[in-house]
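Notes to accompany the following structure.
Chains as they are written, first to last, in our numbering: chain A, 1 to 461; chain B, 1 to 461.
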C-alpha cells in the first residue's frame, strides 16, 4: 500500500482538510501517486493522521470533484486514469497590457469608427444571456453552418419589417464580422469577377479584395452615389456600394439611381451588387429608403449588414442575404465549414431582436445621435466659412472650410490637439473636394461638442 | 397645433396609458405626427381626454424611454428627429427549424466529432458572463486584433504550464474557430509553400488548403506519426501534423520523431511545422508529451489549438502561437482586420482559464472519458476477433476485426442501426489497414456502451 508521510499543522492558516488535499494533489502531479493507485481508506487516514473524519472526507470529496481521484462503490478511492501534463513554464509569461491602456484616447474623438455604447442595455443583455446559458444545453453542441435558425428567423423578420428586405431565413448567412463575411462572399462570386469599389470609399473593402487577389476598379461617387456610367465603362461585374449613407461622402442614393444600378446588374451574366446597408439604422429628418435588395427581381443583390455599429463594435455578428444562385454555390463549396459565431451570442442576439430590445435600443441611440448631430452642426456652422454636408444619416458628415487647404485645416486642428481626417485620405483615383474633412460624432461626448467646436473656431481663425 | 382625435376606452383590457401610448406610436409611424412636432402639453391632454395626470405621464414617459419622443426642459415633448423605417414585409418570413430538429441523432453515436458536454459548468460560466457584462463597459468597444490581452495572457500561462509551450502573449492570435484561423495562417505562409498533410488525416484541412488554391502533398503516417523520409521526398515545405493523438490513427508521436521533424524544418528556408495540438487535453495511462513548439529553437513551429473539443463545439475560440517571422508578416498585412471573437466571450474564457475552471473541467471530463474508454474497450475486445489501437489519448480509437472486410463490418453494423466510419474513408493516397474502423466515444452515453457493444457482437457473428 501507498506510504504516506505527512504531518498536518492544526495551527496553520490553511484548514487541515486543505492541507491534506494539497498534499495529495502534489503527490499525484509529481507522479509519486500513480494512476489507478488506491488511496488509504478514510478510516486508515483518520487513524494515521489523528484527525477527524470530516477533515478526511472533505479532502477526499475535493479530490473527487476536481477530478484527481475516482470513488469506486464499496472499494475506495483511486487516482484517476486521466492525466494532465503540468510543468512549470521555462519562462514565466510576461503579461501584456491592453492597447486601451497603452494608447490614450484623444480628448476630442472625431473618428468615424467610434460608436456610442453608453445606452447599451446591460441588464437586458445580461438577463437574456443568463437565460440562454441555463436553459439551452444543446447550444454547446455544433450549430448550423449558416447560423442558428432562431437568429436567422429573427433577422428575416427584422430586415423585412425595418429595411424592406425580401428573403427567407434560409438565404441568410451569419458570420464573425464583416471582414470574415466579405472573404467568404468573395469566394462565392464568379472567378472572373471584377470588383467596382466606391471611390472615395472604405479602406477595408479595398484591402479584402486586394488580399484575395481579385481585380478591382475604383468607381467615382457623384451627388447620387456610385456613378452607373462610370461603372459601365469600368468593365467591372460586381459593384460594392453603401447606398443608405455612402462612406465617406454621406450621400443617400435616391430611388432613380438604385433602379439604374439594378438594371445594370440584370443586364449582364455574372453581375452582382453588394449592398452594404451601412448606417441605415440612423436617419434624420427624412424617411429612410428601403433596401435595394427588396427591389431586385433578378436575384443580383447581396445584402450585407452588421451589428458592430448599431449595437457595439465588439459584437462580432454580421449577416448577408444571398440570392438563390450564390446560395447554391455556398452550399456546394462550404461542406466543411462551421459557423464562426458563438451559439450563445447568436441565441442572445436572436432574442434581443425578436423581443423588441434591438428596435428600442436603436430608437434610443438614434435619438442621442440626432440631438448630438444637431448641436454639433449648429456649433460648427457658426464658425466662419464652415459648411456641413452628407449629414442625413449615420454618425458622420463632411465639413468644408474653403478658407484653408485640407492640409492646413488638419495641421491647425492638430495644433489644438484635435485629430481629424481629410477626405483625400479616402480617395484612390478620385480628386477629393478641396478643404473637406470627415467628421465622426459617435465617440464625441455631448458635453464636449461646444468645447470641440470652440477649439476649432480658434484653430481656423 | 397638432389636432388630436382619440377616445380612450376605460373598460378595455388595455390600460388607458397604453392606449394613449399606442395611439402616438401609430401617429408617428404613419407620419401624421412629424419629426420635431410638439405633442400637446400634459395639462392639455388631461383636459382634452378627461383622464388623470398619471395616465398621460405614464404614456409620455413610455414614449420617451422608447425613443419616439424627446423631452425638452421647460418646453415640452417633441417627436424625435430620428426615424426608423417600418414597413410590413411583402411576404411574412417562414421560420425554419433547426437542423437538430430536422435530423434525428443516431441512437448509438460513434462519431469522432461528438463531444460530451454533460459536465459543462453552467453556473460558473453564467456567473463569469454576468460579471463580465456588468463590470466591463469598455468591452463594447473595438478590441485588439490578435485577441484581447486578458485572454492571451491566460492562454500563455495555461499553454506554458500544461503543454510546455514557450511563448509571449504577443505571439498569440485568437480567432473564430480552427477553419478561420487556418485560412488566416495560410495567408501568412510563404507564397511558394507546398503543404504536407497527414494521410490518413483530417478532411477539413485538405479542404482549406485546396480552397486557398495552395499545392498539397499527402504524406503517409507510420507507427510514429508523419514519416519524415516521405516528407523529405514529397518536396513539401510546410508540414501539418497532429502529434498528440494523430487523427485518425491515434498515434502519439514519440520524442525521437519530433526531433527529426524539427531538424527537417530547421534544415531549409521557409520550412514550417503546423502543430495542431488536437486531443492533447486527454491522455490515459501515460504522461502527456509536451508540445513540439517548446522544443523548437529555430522559430519554425506554429502551434494551434481550440476549445471546441475541450470545452464545447459551439464555443468558437481557436488560437495560434506564431514564431517571430510570421508574427511580423501578420502585423504587416492585417492592418484592417479586427478580432473575429466576441470580446465578452474572450473575457469569460480568460477568467475561465486563469481562475482554474478550465483545468478543473478538463480533469472532470477527462475522467469521464477515461472510464468510458475503459468500459468500451473491454466490451469491444470481448467480441471475437476485435482489437483496439490508438487509444492512448483523445476521444477516439481504431477498431480492427480481421474476420470481415471494412465494407462488410460497416454493412453489418448498419444493419443493427449503428453508424460507424471505415478508416479508408480518411485516406487520400494511402492504403488503409484492412478491416479497420474509427470509433469516437465522445457522444456515447455511459449507459449505452454495453448495449452498443452487444449489438456489434451480434452484427459481427
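Even for Gly, the Cβ is constructed at its ideal location relative to N, Cα and C.
Asked: At least one CB of chain B closer than 9 Å to the CB of residue 33(A): is that the case?; Found: no
Asked: With distances taken between CB atoms, is the gap from residue 294(A) to residue 164(A) smaller than 9 Å?; Found: yes
Asked: What does the Cβ neighbour count give for residue 443(A), buried or exposed, with the cut at 16 atoms within 10 Å?; Found: buried
Asked: Using 9 Å as the threshold, is the C-beta distance between residue 119(B) and residue 282(B) below it?; Found: no
Asked: Please state whether the Cβ-Cβ distance between residue 239(A) and residue 196(A) is less than 9 Å.; Found: yes
Asked: Please tell me whether residue 59(A) and residue 18(A) are closer than 9 Å, where the distance is taken between their beta carbons.; Found: yes
Asked: Which of the three DSSP states, helix, strand or coil, is assigned to residue 393(A)?; Found: strand
Asked: Report buried or exposed for residue 315(A), applying the criterion of at least 16 other Cβ atoms within 10 angstroms of its Cβ.; Found: buried
Asked: List the whole-angstrom C-beta distance separating residue 480(A) from residue 363(B), where the pair is believed to meet the contact cut-off of C-beta under 8 Å.; Found: This structure cannot settle anything about residue 480(A), because the visible part of chain A is limited to 1 through 461.
Asked: With a Cβ-Cβ cutoff of 9 Å, do residue 251(A) and residue 390(A) count as a contact?; Found: yes
Asked: Within this structure, are the beta carbons of residue 150(B) and residue 379(B) separated by less than 9 Å?; Found: no
Asked: Cα separation between residue 405(B) and residue 307(B)?; Found: 36 Å
Asked: Find the residues of chain B that neighbour residue 367(A), judging by a C-beta separation of less than 7 Å, and give them in chain order.; Found: 67, 70, 80, 82
Asked: Rounded to whole angstroms, what's the CA-CA distance from residue 132(B) to residue 157(B)? Just pull it up for me.; Found: 21 Å
Asked: Residue 73(A): which of 41(A), 51(A), 81(A), 49(A) sits nearest, CA to CA?; Found: 41(A)
Asked: Which chain B residues sit within Cβ distance under 7 Å of residue 156(A)?; Found: 93
Asked: With residue 71(A) as the anchor, note down where its beta strand (DSSP E) starts and where it stops.; Found: 69-72
Asked: What is the C-beta distance between residue 134(A) and residue 122(B), in whole angstroms, given that I count them as a contact (C-beta under 8 Å)?; Found: 6 Å
Asked: Below 8 Å on C-beta distance, what does residue 169(A) contact in chain B?; Found: 93, 94, 95, 96
Asked: What is the rounded straight-line gap between the Cα of residue 217(B) and the Cα of residue 248(B)?; Found: 18 Å
Asked: So with Cβ pairs under 9 Å, would you call residue 129(B) a contact of chain A?; Found: yes
Asked: May I ask you to list, following chain order, the residues of the stretch 413-426 of chain B that have a beta carbon less than 7 Å from some beta carbon of chain A?; Found: none
Asked: Answer with yes or no whether the minimum CB distance from residue 73(B) to chain A is below 9 Å.; Found: no
Asked: Please report whether the beta-carbon of residue 245(A) lies at a distance below 9 Å from any beta-carbon of chain B.; Found: no
Asked: Sort out for me which residues DSSP pairs residue 216(A) with in a bridge.; Found: 195(A)
Asked: Here's the rule: buried if 16 or more other CB atoms are within 10 angstroms of the residue's CB, otherwise exposed. What is residue 48(A)?; Found: exposed
Asked: Distance cutoff 9 Å, beta carbons only. Does residue 240(B) sit that close to anything in chain A?; Found: no
Asked: Considering only their Cβ atoms, is the gap separating residue 275(B) from residue 291(B) smaller than 9 Å?; Found: yes
Asked: Work out the CA separation of residue 77(B) and residue 56(B) for me, nearest whole Å.; Found: 12 Å
Asked: Give a yes or no on whether the C-beta atoms belonging to residue 303(B) and residue 370(B) are separated by under 9 Å.; Found: no
Asked: If you count every other CB in all the chains shown that lies within 10 Å of the CB of residue 332(B), and 16 or more means buried, which is it?; Found: exposed
Asked: Please report whether the beta-carbon of residue 343(B) lies at a distance below 9 Å from any beta-carbon of chain A.; Found: yes
Asked: Starting from residue 468(B), follow the alpha helix (DSSP H) in both directions and report where the run begins and ends.; Found: There is no way to answer for residue 468(B), as the model of chain B reaches only from 1 to 461.
Asked: Buried or exposed: where does residue 147(B) fall if 16 or more other Cβ atoms within 10 Å of its Cβ makes it buried?; Found: buried
Asked: Rank 136(A), 452(A), 398(A), 437(A) by C-alpha distance to the C-alpha of residue 418(A) and give the top, closest one.; Found: 452(A)
Asked: Is any beta-carbon of chain A found at less than 9 Å from that of residue 319(B)?; Found: no
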